[in-house]
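The structure appears below as structure tokens.
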Amino acid sequence: MAKTPSRARAAKTPDSPPAGHHNQPTPGEPTDYDASKDELLEFYRQMLLIRRFEEKAGQLYGLGLIGGFCHLYIGQEAVAVGIQSALVPGKDSVITGYRDHGHMLAYGIDPNVIMAELTGRAAGISRGKGGSMHMFSVSHKFYGGHGIVGAQVSLGTGLAFSHKYNDDGGVCVAYFGDGASNQGQVYESFNMAELWKLPIIFVIENNQYAMGTSVNRSSAEDQLYRRGESFRIPGIQVDGMDVLAVRGATEEALKWVQGGNGPIILEMKTYRYRGHSMSDPAKYRSREEVQSVREKSDPIDHVKKILEGAGVTEADLKAIDQKIRKIVNDAADFAENSPEPDAPELYTDVLVERY
Amino acid sequence: MAIEIKMPALSPTMEEGTLSKWLVKEGDSVSSGDIMAEIETDKATMEFEAVDEGVIGKILVAEGAENVKVGTVIATLIAEGEEADAAPAPAADNTAEEKPAPEAKAEEKPAEAAPKKAESGTDKLVQDAPAPPADISVPAGTETVKTTVREALRDAMAEEMRRDPRVFVMGEEVAQYQGAYKVTQGLLEEFGDKRVIDTPITEYGFAGVGTGAAMGGLKPIVEFMTFNFAMQAIDHIINSAAKTNYMSGGQMRCPVVFRGPNGAASRVGAQHSQNYAPWYASVPGLIVIAPYDAADAKGLLKAAIRCEDPVVFLENELVYGRSFDVPAVDDYVLPIGKARIVRPGKDVTVVSYSIGVGLALEAAETLAKEGIDAEVIDLRTLRPLDTVTVLASLAKTNRMVVVEEGWPTCSIASELAAVVMEKGFDDLDAPVLRVTNEDVPLPYAANLEKAALIDAGRVVAAVKKVCYR
Numbered sequence: 100m101a102k103t104p105s106r107a108r109a110a111k112t113p114d115s116p117p118a119g120h121h122n123q124p125t126p127g128e129p130t131d132y133d134a135s136k137d138e139l140l141e142f143y144r145q146m147l148l149i150r151r152f153e154e155k156a157g158q159l160y161g162l163g164l165i166g167g168f169c170h171l172y173i174g175q176e177a178v179a180v181g182i183q184s185a186l187v188p189g190k191d192s193v194i195t196g197y198r199d200h201g202h203m204l205a206y207g208i209d210p211n212v213i214m215a216e217l218t219g220r221a222a223g224i225s226r227g228k229g230g231s232m233h234m235f236s237v238s239h240k241f242y243g244g245h246g247i248v249g250a251q252v253s254l255g256t257g258l259a260f261s262h263k264y265n266d267d268g269g270v271c272v273a274y275f276g277d278g279a280s281n282q283g284q285v286y287e288s289f290n291m292a293e294l295w296k297l298p299i300i301f302v303i304e305n306n307q308y309a310m311g312t313s314v315n316r317s318s319a320e321d322q323l324y325r326r327g328e329s330f331r332i333p334g335i336q337v338d339g340m341d342v343l344a345v346r347g348a349t350e351e352a353l354k355w356v357q358g359g360n361g362p363i364i365l366e367m368k369t370y371r372y373r374g375h376s377m378s379d380p381a382k383y384r385s386r387e388e389v390q391s392v393r394e395k396s397d398p399i400d401h402v403k404k405i406l407e408g409a410g411v412t413e414a415d416l417k418a419i420d421q422k423i424r425k426i427v428n429d430a431a432d433f434a435e436n437s438p439e440p441d442a443p444e445l446y447t448d449v450l451v452e453r454y
Numbered sequence: 530m531a532i533e534i535k536m537p538a539l540s541p542t543m544e545e546g547t548l549s550k551w552l553v554k555e556g557d558s559v560s561s562g563d564i565m566a567e568i569e570t571d572k573a574t575m576e577f578e579a580v581d582e583g584v585i586g587k588i589l590v591a592e593g594a595e596n597v598k599v600g601t602v603i604a605t606l607i608a609e610g611e612e613a614d615a616a617p618a619p620a621a622d623n624t625a626e627e628k629p630a631p632e633a634k635a636e637e638k639p640a641e642a643a644p645k646k647a648e649s650g651t652d653k654l655v656q657d658a659p660a661p662p663a664d665i666s667v668p669a670g671t672e673t674v675k676t677t678v679r680e681a682l683r684d685a686m687a688e689e690m691r692r693d694p695r696v697f698v699m700g701e702e703v704a705q706y707q708g709a710y711k712v713t714q715g716l717l718e719e720f721g722d723k724r725v726i727d728t729p730i731t732e733y734g735f736a737g738v739g740t741g742a743a744m745g746g747l748k749p750i751v752e753f754m755t756f757n758f759a760m761q762a763i764d765h766i767i768n769s770a771a772k773t774n775y776m777s778g779g780q781m782r783c784p785v786v787f788r789g790p791n792g793a794a795s796r797v798g799a800q801h802s803q804n805y806a807p808w809y810a811s812v813p814g815l816i817v818i819a820p821y822d823a824a825d826a827k828g829l830l831k832a833a834i835r836c837e838d839p840v841v842f843l844e845n846e847l848v849y850g851r852s853f854d855v856p857a858v859d860d861y862v863l864p865i866g867k868a869r870i871v872r873p874g875k876d877v878t879v880v881s882y883s884i885g886v887g888l889a890l891e892a893a894e895t896l897a898k899e900g901i902d903a904e905v906i907d908l909r910t911l912r913p914l915d916t917v918t919v920l921a922s923l924a925k926t927n928r929m930v931v932v933e934e935g936w937p938t939c940s941i942a943s944e945l946a947a948v949v950m951e952k953g954f955d956d957l958d959a960p961v962l963r964v965t966n967e968d969v970p971l972p973y974a975a976n977l978e979k980a981a982l983i984d985a986g987r988v989v990a991a992v993k994k995v996c997y998r
């Protein structure tokens, strides 16, 4: 059985520096982000939006309104919300794999056009031609949404290359999972990113299972934050169920990368409550394991408790919940009632130019 | 007798070279392993080592001499105990070796055997191909400059890099080494290491980095040392570069050029000898270009770099060193997606691309002597395919042969045969024939390599067949 994420203090490479790296500069020790009440409310609101959105998507899938593969982000909300909150939209670029709904919502992209893409409608963000795994918003510098496991790591390294080439001060955040962290191109990219000191944060969302294979069954080095050691890329292991820890680690990572030190790895220890995709019966783990994480480590409950401690009332939280339910229901209505793409759309956007 | 030191073949495709520098002078003693000279081949400047011990007798080719053919005697080496002014071998006084006895020949020492370019089945691919005429879009009387395909490609990149600061080139050995095939020669010096970037040997990774940089708004030229290595990167070329604009509903541009040599080289065996044109040409979302001559290489590479779509640009190592007339025009850019009639004719249409065009032209000259007037079409772009030009020619000649240096199955030739069945059936007076390589991995042995590859003779035979001659 995979280990469930704990609230353990962040661990990072410098605690056990690899031989020969003693004189290397190291990133600072991250601390939990000291959020204001308003910021905490915003984290809560965003995580809840992702949770409710994904639950709705699951529902629509069951009704046959969403087809194909649909990978839900439930349980992992603190990762995208904590990281995205530290980035500057329009300046920093983001790229991820196919479990991409949460990152888009956390980057402020309209839930209506995301949901309409899931239902394959003309109003969808990819005009209905991409689907759940292939969504993009160039105006937000959100570069997808990629269906091939690990591809986003090389592509993200290219985005970081363009930041450095243009000297625009931007940083790329490339998200990938524990499964992708065993792909060869990840290491090819690590090598080039460090060699060329590219401004990129590699975020490993370690949700413990690559589809049905646990990290322990697939990874010789299961402490994934150490996967950059032979490239001299520092890594920090973070409690990915705690949005404040995530935000705090991201701030340190940004400082490191913006200081011209090259890439850094953030291993986010997290957990997905649902199956790998909608069609996954999740027989590879026990109901008790999932239940235990939900009860002990839920990222939304965690913030809720802090908010309650800060004097936010049950009524205030209920009001937020209702607002979010309305946003999600409206998105579902929009996605269900929007027309499908016109038939001629079949042939558009294959090429940009005419020949 | 004195040992003849002959101009060596230092690369699979080298036929001649420049004797850049002598590092020894007459009377110097050399022993095995000493560097005697620097020789510039079609690819690089190489050091030429002594194999035998002795004293340099006469230097017969001065340093700086260009176009020294492989096998030319460039110096003599006097072995220990011989007279210092011993004349070159043929005038030597050893009568025993002058006897025309077959036994003596059989006893020839390896050191005295004439070095020559290794025999290759690819020789016939470039043997006697006549140069095609200038593109019809170039006004008659336009001044031209003799340019190798290699230089034309370099000029295209340099011109576009001067014009657009977003353009950069990355790949293995493109910068400090000046290009594995010298195609990027001089670019590092002019544009610096920010824009001319040596990558580690990491095709999948750097193809992804280039694709990502294009998504981020740059215009990368990604060089593969050969397209055989791009098979490791094909996921990014197809899944990332070709499909993303469509999957994003037109939001995600990916203006990247993947370029490098493609197809059979000389005696390099099956893993380094594949033609990938049909693979890439089958993918919607890609532009695929495969030029033959230097003018098209330049004009189409410039167009490819400016293009907003991802381009696979397939070159051919065997023609890198060939010279053609390139119009001396300030900004020579050709349209993508347009075939070119390189030889007008009325009896039969011979369609080809890349190195096959040379063979088609060679065959056409032979056929002309036998009274068959062949029209030769260079497709130049393989996706989108200019079927209009092909079908118009077929309507005139009513016969068609497709020549392709590549495998027959699922080839560009098969595709054209299908196009003609669907859209030109009524124009056909004979079945379309394909002249392609044999359906085997390319062998190493020179005779087998030769047997596997197309040649002009096979084109001639196929044309006669469709002409019922």
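In order, the protein sequences belong to chains F and X.
According to my numbering, the first sequence is numbered sequentially starting from 100.
According to my numbering, the second sequence is numbered sequentially starting from 530.
Idealized CB from N, CA, C, for every residue including glycine.
For clarity, every value in this text was computed on a predicted model and none was experimentally measured.
Give the secondary structure of X:Glu626 by DSSP, where H, G and I count as helix, E and B as strand, and everything else as coil.
Unreliable positioning characterises X:Glu626 in this predicted model, as indicated by a pLDDT of 44, which lies under 50. A coordinate reading is not provided.
Minimum Cβ-Cβ distance from X:Ile941 to chain F less than 8 Å:
no
Give the DSSP-derived three-state secondary structure of X:Ser852 in the structure shown.
strand
Might you give, ordered along the chain, the residues of its own chain that have their beta carbon closer than 6 Å to the beta carbon of F:Lys395, omitting 5 neighbours on each side?
none
Kindly provide the ranges of any beta strand (DSSP E) runs that are 3 or more residues long and lie completely inside the segment 348–390 of chain F, ordered along the chain.
363–368
Given this structure, state the Cα-to-Cα distance separating X:Tyr849 from X:Gly874, to the nearest angstrom.
28 Å
Please determine, among F:Tyr308, F:Ile399, F:Thr349, F:Lys403, the residue with the shortest C-alpha to C-alpha distance to F:Ser376.
F:Tyr308
Counting only Cβ pairs nearer than 7 Å, list the residues of chain F close to X:Thr740.
Leu254, Gly257
Just to confirm, are X:Arg885 and X:Leu923 a CB contact at a threshold of 8 Å?
The sequence given here places Gly at residue 885 of chain X; Arg does not occur at that position. Going by C-beta atoms, X:Gly885 is not nearer than 8 Å to X:Leu923.
Would you call the segment 645–655 of chain X and the segment 973–986 of chain X in contact, with 3 or more CB pairs under 8 Å?
yes
Near F:Ala442, which residues of its chain fall below 8 Å by C-beta distance, leaving aside the five closest residues on each side in sequence?
none
Sorry if obvious, but does the Cβ on X:Val597 come closer than 7 Å to a heavy atom of the ligand GDP?
Among the ligands in the structure shown, none appear at all, so the ligand GDP cannot be discussed.
X:Gly866: contacting residues in chain F (beta-carbon distance under 7 Å)
Tyr454
Using a C-beta to C-beta distance shorter than 7 Å, which residues of chain X count as neighbours of F:Gln456?
The shown model of chain F, from 100 to 454, leaves out residue 456 of chain F, and the question about it has no answer.
Measure the Cβ-Cβ separation of F:Glu304 and F:Phe330 and say whether it is below 8 Å.
no
Chain F within 8 Å of X:Gln780, Cβ atoms only
yes
Use the C-beta contact count for X:Ala974: other C-beta atoms within 10 angstroms, 16 or more gives buried, fewer gives exposed.
exposed
Could you say which of F:Ile165, F:Ser238, F:Thr195 lies nearest to F:Val285 if we only look at CA atoms?
F:Thr195
Nearest neighbour of X:Asp1012, chosen from X:Glu582, X:Thr574, X:Glu555 [CA to CA]
As displayed, chain X neither begins before 530 nor continues past 998, which places residue 1012 of chain X out of reach and without an answer.
Could you tell me how far apart the beta carbons of X:Tyr821 and X:Tyr882 are, in whole angstroms, since I believe they sit closer than 8 Å?
7 Å
Quick check on F:Tyr264 - is its C-beta less than 8 Å from some C-beta in chain X?
yes
For F:Asn436, tell me which candidate among F:Gly219, F:Ser192, F:Ala279 has the shortest Cα-Cα distance.
F:Gly219
Chain X contacts from the segment 196–216 of chain F (Cβ-Cβ distance under 9 Å)
Glu216
Runs of beta strand (DSSP E) wholly within the segment 669–743 of chain X (minimum 3 residues, chain order):
673–677, 696–700, 725–727
At which residue ranges does the segment 909–936 of chain X contain complete alpha helix (DSSP H) runs of 4 or more residues, listed in the order of the chain?
916–926
So F:Leu254 packs on X:Gly737, CB below 8 Å; how close in whole Å?
5 Å
The segment 785–800 of chain X in contact with the segment 750–769 of chain X per 3-pair CB rule at 8 Å:
yes
What residue from F:Gly268, F:Asp432, F:Ala179, F:Tyr242 has the CA that sits closest to F:Gly48's CA?
Here chain F has residues from 100 to 454 only, and residue 48 of chain F is not among them.
Quick one: Cα of F:Pro438 to Cα of F:Gly167, how far?
19 Å
May I ask which residues mark the beginning and end of the alpha helix (DSSP H) holding F:Ala409?
Taken as a continuous stretch (DSSP letters only), F:Ala409 belongs to no alpha helix (DSSP H), as it is neither H nor E.
Other residues of its chain near X:Gly708: CB distance less than 7 Å, five sequence neighbours each side excluded:
Glu702, Gln714
Is X:Thr731 close to chain F, meaning its C-beta is less than 8 Å from at least one C-beta of that chain?
yes
Could you name the residues that DSSP lists as bridge partners for X:Lys535?
X:Val602
Mapping the DSSP letters down to three states, classify F:Pro113 as helix, strand or coil.
No answer about F:Pro113 holds up, because its pLDDT of 47 lies below 50 and its placement is not dependable.
Residue range of the beta strand (DSSP E) that F:Thr195 falls in?
192–195
State the DSSP-derived secondary structure class of X:Ala615, mapped to helix, strand or coil.
Bear in mind that a pLDDT of 47 at X:Ala615, under 50, signals an unreliable position, so the number given afterwards is only what the model happens to contain. Note: X:Ala615 maps to coil in three-state DSSP.
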